[in-house]
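Undergrad: Protein sequence lines, in the order shown, are assigned to chains A and B. Each number in the numbering used here corresponds to the 1-based position in the first sequence with 173 added. Each number in the numbering used here corresponds to the 1-based position in the second sequence with 173 added. Backbone N, C-alpha and C fix where the C-beta goes; we use that ideal spot for every residue, glycine too.
Number of protein chains: 2
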Amino acid sequence: MAIRYPNGKKFEKKRIPKTVKNDYKKDNSFSNRGMNFEDDIQTSNEFYRSQGLAVIHKKPTPLQIVNVHYPKRSAAVVTEAYFQKPSTTDFNGVYKGMYIDFEAKETKNKTSFPLKNFHAHQIEHMKAVLEQAGISFVLVHFRVHEEIYLVPGTFIVSWYESKENHRKSIPKIEIEENGFPVKTGYHPRIDYLASIDKWINGK
Amino acid sequence: MAIRYPNGKKFEKKRIPKTVKNDYKKDNSFSNRGMNFEDDIQTSNEFYRSQGLAVIHKKPTPLQIVNVHYPKRSAAVVTEAYFQKPSTTDFNGVYKGMYIDFEAKETKNKTSFPLKNFHAHQIEHMKAVLEQAGISFVLVHFRVHEEIYLVPGTFIVSWYESKENHRKSIPKIEIEENGFPVKTGYHPRIDYLASIDKWINGK
């Protein structure tokens, strides 16, 4: 399941400057290859929107604005701001009337998905969404295998909270068994809506 | 329908610095009185979340980050960023499985709600949400009357696109007839969920 990047430009959005989030990554091998998991999800979201299939957006990075400069005849410039921890997951929107809410996570780990990828408040958010009957999941990207899985929020939450497990990561085999593989391609690049359909309509 | 601000602090969140959006406002009378429509909606959202009634958040202000400084031993500082136009409405989330999507707008106008309050892309977003069977609306606050209405997205869109009307604003009487009044109080301050219930279950 290789991710291919043809040069077709039909759905290639205008490049916005990389957010600092990307710069934080210790391992840049993925972006060095001109690929970025989050960007690909956003491109897929644009495709879905353009086809009238779903309306799903990534939330902007929350910043605490401290100082703004208003030059005459020019746009306001934020001159001092700090990154804030997001209190929710990164992506949400609507698909056939259903509330869709998910987080995208990557791992270089070959055999398991480390739970340190989550903050407690993200798990709390997922639980709250599930209580409201929202569709909550995580898109997990195993970089080495170039495999993507849609993992239901219920599974993530129960693993995270399980006292018996007390593990710091979910074995990949568990994700294969409890998640749904996500096909990658040209348009959309990451077809997670198809995986939602499989999930909802039964495996 | 006066908006009262008792000093009870139970649901008073930590004051975050006012975003610049507020500073843009030509008329600051509302914030001068220590009141802010958007803040009150956010406080109401916190109340709803704390009670397990709904999970609805305001999206962060989108900023294009150009420069970031990384001082040693301190948090990263954004030293240059520009405000971007949001491509969606400000608030979204989930309520009893339903996707909720809305914008909050204020007017000082006594007899009508000016449509210049909307950008074309916001209307497009509302249409896209409606096509996905999402719950789309606008909370309109008439400052002078201190009245708030939940106005269904379908009504806003049809008025905006109507060639016959070709008006630049919606008369208040039309909003009273086609919208749903929103009660204000202590907790929640702006009880728009009750208005959604009335809307969905029939007037």
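Answer yes or no: does any C-beta atom of chain B fall closer than 9 Å to that of A/E347?
TA: Reading the first sequence from its first residue, position 174 is the one you call residue 347 of chain A. Cβ-Cβ to chain B under 9 Å: no for A/E347.
Undergrad: With DSSP as the reference, label A/F286 as helix, strand or coil.
TA: To locate residue 286 of chain A, count along the first sequence from 1; it is residue 113. A/F286: strand per DSSP, three-state reduction.
Undergrad: Measuring straight from C-alpha to C-alpha, what distance separates B/I273 and B/S309?
TA: The residue you call residue 273 of chain B lines up with position 100 of the second sequence. The residue you call residue 309 of chain B lines up with position 136 of the second sequence. Rounded to the nearest angstrom, the two C-alpha atoms are 6 Å apart.
Undergrad: Output, in sequence order along the chain, the residues in the segment 259-275 of chain A whose CB is closer than 9 Å to any CB in chain B.
TA: Those would be P259, S260, T261, N265, G266, V267, Y268, K269, G270, M271, Y272, I273, D274, in chain order.
Undergrad: Quick check: the Cα distance between A/G225 and B/T252, rounded to an integer number of angstroms?
TA: In the first sequence, the residue the question calls residue 225 of chain A occupies position 52. In the second sequence, the residue the question calls residue 252 of chain B occupies position 79. About 38 Å.
Undergrad: Could you give the distance in angstroms between the alpha-carbon of A/T234 and the alpha-carbon of B/R316?
TA: Here residue 234 of chain A refers to the residue found at position 61 of the first sequence. Here residue 316 of chain B refers to the residue found at position 143 of the second sequence. Their Cα atoms are separated by approximately 31 Å.
Undergrad: Does the CB of B/I329 have a neighbour CB from chain A at under 9 Å?
TA: If you number the second sequence from 1, residue 329 of chain B lands on position 156. False, the Cβ-Cβ gap to chain A never drops below 9 Å.
Undergrad: Under 9 Å between C-beta atoms, does A/T252 make it to chain B?
TA: Position 79 of the first sequence, counted from the first residue, corresponds to residue 252 of chain A. Closer than 9 Å: yes.
Undergrad: Going by CA-CA distance only, name the one from A/F220, A/K289, A/A277 that's closest to A/K232.
TA: As a first step, residue 232 of chain A is located in the first sequence; it is residue number 59 there, counting from the start. When only C-alpha atoms are compared, the closest one is A/A277.
Undergrad: Tell me the DSSP secondary structure of A/Q257 in three-state form.
TA: By one-based count along the first sequence, residue 257 of chain A stands at place 84. Looking at A/Q257 - three-state DSSP - the assignment turns out to be coil, as it is neither helix nor strand.
Undergrad: If you count every other CB in all the chains shown that lies within 10 Å of the CB of B/V267, and 16 or more means buried, which is it?
TA: Along the second sequence, one-based indexing puts residue 267 of chain B at 94. Buried, since its Cβ has 16 or more Cβ neighbours within 10 Å.
Undergrad: Using a Cβ-Cβ cut-off of 7 Å (strictly less than) and excluding sequence neighbours within five positions of B/I348, which residues of its own chain qualify?
TA: As a working note, residue 348 of chain B is residue 175 in the second sequence. Same-chain partners within the cutoff: F286, V313, Y322, V324.
Undergrad: Measuring only the C-alpha atoms, how far is A/W372 from A/K356?
TA: Taking the first sequence and counting its residues from 1, the one referred to as residue 372 of chain A is at position 199. Taking the first sequence and counting its residues from 1, the one referred to as residue 356 of chain A is at position 183. Going by the C-alpha atoms only, they are around 14 Å apart.
Undergrad: For a test of the three-state rule: what should DSSP assign to B/A301, helix, strand or coil?
TA: Here residue 301 of chain B is taken as the residue at index 128 of the second sequence, counted from 1. It is helical.
Undergrad: Of the residues B/T284, B/A227, B/I363, which one's Cα is nearest the Cα of B/S210?
TA: Start at 1 with the first residue of the second sequence, and residue 210 of chain B comes out as number 37. It is worth fixing the name first, because residue 210 of chain B is Phe in this sequence and not Ser. Cα-wise, what sits closest to B/F210 is B/I363.
Undergrad: Under 8 Å, CB to CB, which of the residues in the segment 223-238 of chain A have a partner in chain B?
TA: Cβ contacts with chain B: G225, A227, V228, H230, K232, P233, T234, P235, L236, Q237, I238.
Undergrad: With DSSP as the reference, label A/N377 as helix, strand or coil.
TA: It is not possible to answer for residue 377 of chain A, since the shown part of chain A is limited to 174 through 376.
Undergrad: Check whether the segment 245-265 of chain B and the segment 282-299 of chain B are in contact - that is, three or more C-beta pairs closer than 8 Å.
TA: Yes, since at least three Cβ pairs between the segment 245-265 of chain B and the segment 282-299 of chain B fall closer than 8 Å, the two stretches touch.
Undergrad: Buried or exposed: B/V311, going by 16 or more other Cβ atoms within 10 Å of its Cβ?
TA: Taking the second sequence and counting its residues from 1, one reaches residue 311 of chain B at position 138. Buried, by the Cβ-count rule.
Undergrad: Closer than 7 Å, Cβ to any Cβ of chain B: which residues of the segment 289-321 of chain A, in chain order?
TA: Of all residues in the segment 289-321 of chain A, A301, V302, E304, Q305, A306, G307 have a Cβ within less than 7 Å of some Cβ in chain B.
Undergrad: Applying the 10 Å Cβ sphere with the 16-neighbour rule, what's the burial state of B/I346?
TA: By one-based count along the second sequence, residue 346 of chain B stands at place 173. That one is exposed.
Undergrad: Please list the partners that A/F220 has in chain B, where partner means a Cβ-to-Cβ separation under 7 Å.
TA: The sequence position of residue 220 of chain A within the first sequence is 47, counting from 1. Here the premise fails: no neighbours, minimum Cβ distance about 14 Å.
Undergrad: Which of the three DSSP states, helix, strand or coil, is assigned to B/D263?
TA: To locate residue 263 of chain B, count along the second sequence from 1; it is residue 90. Here B/D263 sits in coil by DSSP.
Undergrad: With respect to the beta strand (DSSP E) encompassing B/S331, which residues constitute its N-terminal and C-terminal limits?
TA: The residue you call residue 331 of chain B lines up with position 158 of the second sequence. Premise fails: B/S331 lies in the alpha helix (DSSP H), 326-334, not in any beta strand (DSSP E).
Undergrad: Could you work out which residue in A/P361, A/H318, A/E320, A/A293 is closest to A/W332 when comparing CA atoms only?
TA: Your numbering for residue 332 of chain A matches position 159 in the first sequence. With distances taken between Cα atoms, A/W332 lies closest to A/A293.
Undergrad: Taking the alpha helix (DSSP H) that A/T234 falls in, what are its first and last residues?
TA: Within the first sequence, residue 234 of chain A is the residue found at index 61, counting from 1. No alpha helix (DSSP H) contains A/T234, which DSSP labels as neither H nor E.
Undergrad: DSSP has A/A315 in a bridge; who is on the other side?
TA: For this step, residue 315 of chain A is matched to residue 142 along the first sequence. Per the sequence presented here, residue 315 of chain A reads as Phe, with Ala not at that position. Its beta-bridge partners are A/T280, A/E320.
Undergrad: DSSP has B/D274 in a bridge; who is on the other side?
TA: Residue numbering aside, residue 274 of chain B sits at position 101 when the second sequence is read from its first letter. Answer is B/N265, B/S309.
Undergrad: Quick one: list the residues of chain B neighbouring A/A248, beta-carbon separation under 9 Å, in chain order.
TA: On the first sequence, residue 248 of chain A is found 75 positions in, with the first residue counted as 1. Within 9 Å Cβ-Cβ: Y255, F256.
Undergrad: How many whole angstroms separate the CB atoms of A/L288 and A/S335, which I take to be in contact at a CB cut-off of 8 Å?
TA: Counting from one through the first sequence, the residue named residue 288 of chain A turns up at place 115. Counting from one through the first sequence, the residue named residue 335 of chain A turns up at place 162. Going by Cβ atoms, the distance from A/L288 to A/S335 rounds to 10 Å, so no, they are not a contact pair.
Undergrad: Given that a residue counts as buried once 16 or more other Cβ atoms are within 10 Å of its Cβ, and exposed if not, what is A/A248?
TA: Residue numbering aside, residue 248 of chain A sits at position 75 when the first sequence is read from its first letter. A/A248 should be labelled exposed.
Undergrad: Using only the alpha-carbon positions, how far apart do A/V239 and B/K281 sit?
TA: In the first sequence, residue 239 of chain A corresponds to position 66, counting from 1. In the second sequence, residue 281 of chain B corresponds to position 108, counting from 1. The straight-line gap from Cα to Cα measures roughly 29 Å.
Undergrad: What did DSSP end up calling B/K341 once you bin it into helix, strand or coil?
TA: Position 168 of the second sequence, counted from the start, is the residue given in the question as residue 341 of chain B. B/K341: coil per DSSP, three-state reduction.
Undergrad: Have a look at A/V302 and A/K245 and give me their C-alpha separation to the nearest angstrom.
TA: The sequence position of residue 302 of chain A within the first sequence is 129, counting from 1. The sequence position of residue 245 of chain A within the first sequence is 72, counting from 1. When rounded, the distance between both Cα atoms is 45 Å.
Undergrad: Please state the DSSP three-state secondary structure of A/F210.
TA: By one-based count along the first sequence, residue 210 of chain A stands at place 37. A/F210: helix per DSSP, three-state reduction.
Undergrad: Using C-beta distances below 8 Å, list every residue in its chain close to B/A367, excluding the 5 sequence neighbours before and after it, in chain order.
TA: On the second sequence, position 194 is the one that residue 367 of chain B refers to. These residues qualify, in order along the chain: V355, K356.
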